[in-house]
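Asker: Before we start, here is the structure in question, set down as structure tokens.
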Amino acid sequence: MQRKLMEYYSSGTVICVGGPALVQAIRPTDEELFKRYNPELQRRSLEEGDRRAQEFDDYVNKLKQWSKSDKSSMFLSGVKRIDWEDRWANGSG
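Right, here's the structure in full:
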């Protein structure tokens, strides 16, 4: 019984540690992926990279501001809220 339990623990350890280690070992780096692009995609990626990075930073900053606000996320994102009670009261529902 004790030996089986140790086998299970050692097998679990191998799977939990070895699985992510294997994935990390075979995953290509960003540079390797970039080299696999065709030349046109490489050129476009280099040209638009700074602009896209800035857009992403702006978006993240907006999310940080929104998270500090007490207002509804739908209000902050510009999605029009439907007030069902008003629609039914006005007879348009």
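When you line the sequence shown up against this note's numbering, it's residues 30 to 122, in that order.
Glycine residues also receive a C-beta, built at the ideal position from the N, C-alpha and C atoms.
#1: Measuring only the C-alpha atoms, how far is L34 from G47?
#2: Look at Q53 and F63 and say whether their C-beta atoms are less than 8 Å apart.
#3: Suppose the cutoff is 7 Å on Cβ atoms and the five residues either side in sequence are ignored; what does the same chain contact list for Y88 look like?
#4: Looking at the unbroken alpha helix (DSSP H) that takes in R56, where does it start and where does it end?
#5: Quick one: Cα of D86 to Cα of Q94, how far?
Answerer: Once the coordinates are examined:
#1: Numbered from 1 along the sequence shown, position 5 holds the residue referred to as residue 34. Numbered from 1 along the sequence shown, position 18 holds the residue referred to as residue 47. Cα to Cα, L34 sits roughly 19 Å from G47.
#2: Looking up residue 53 in the sequence shown gives position 24. Looking up residue 63 in the sequence shown gives position 34. No. Outside cutoff.
#3: Counted from its first residue, the sequence shown places residue 88 at position 59. Result list for Y88: empty, nothing under 7 Å.
#4: For the purposes of this step, residue 56 is taken as the residue at position 27 of the sequence shown. Per DSSP, R56 belongs to no alpha helix (DSSP H) and is neither H nor E.
#5: Translated into the one-based positions of the sequence shown, residue 86 becomes position 57. Translated into the one-based positions of the sequence shown, residue 94 becomes position 65. Approximately 12 Å, taken between the alpha carbons.
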